[in-house]
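Here the structure is laid out as structure tokens; the discussion comes afterwards.
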Amino acid sequence: MNISLKSTKTTPKAIISDGYIHIEGRSIPLGDSGFYRSLVNLILEYADNPPSVTMVDIDLNALMHIRKNQ
57 MNISLKSTKT TPKAIISDGY IHIEGRSIPL GDSGFYRSLV NLILEYADNP
107 PSVTMVDIDL NALMHIRKNQ
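What follows is the structure, encoded as structure tokens:
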């Protein structure tokens, strides 16, 4: 498996290859972008037949929105 997801203004880039998962960049939740659903599905697919060792590298800049009910 050798897949990459490009970053956007609100989602990080992700690279999934044999033995390596890398997620890096900005993560700003703005509703349901589908990015993380796609990423989880790809990782689950990867996990069906993984190599004996996988290195996972995650470097996120996350911004959380806080809502107040008035």
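Everything in the sequence shown is counted per the working numbering, starting at 57 for the first residue and increasing by one.
Note that the Cβ used here is the ideal one computed from N, Cα and C, for glycine as well.
Query: Assumed close pair Ile72, Tyr92 - CB separation to whole angstroms, cut-off 8 angstroms; Result: That belief does not hold up - the Cβ atoms of Ile72 and Tyr92 are roughly 14 angstroms apart, past 8 angstroms.
Query: Nearest candidate by alpha-carbon position, reference Pro106, set Ser89, Gly75, Ser94, Leu86; Result: Gly75
Query: Nearest candidate by alpha-carbon position, reference Val96, set Ile77, Thr66, Thr64, Arg82; Result: Ile77
Query: Proximity below 8 angstroms, CB of Ser83 to CB of Asn117; Result: yes
Query: Which residues DSSP lists as bridging Val112, in chain order; Result: Ile77
Query: Pair within 8 angstroms by beta-carbon distance, Ser89 and Thr66; Result: yes
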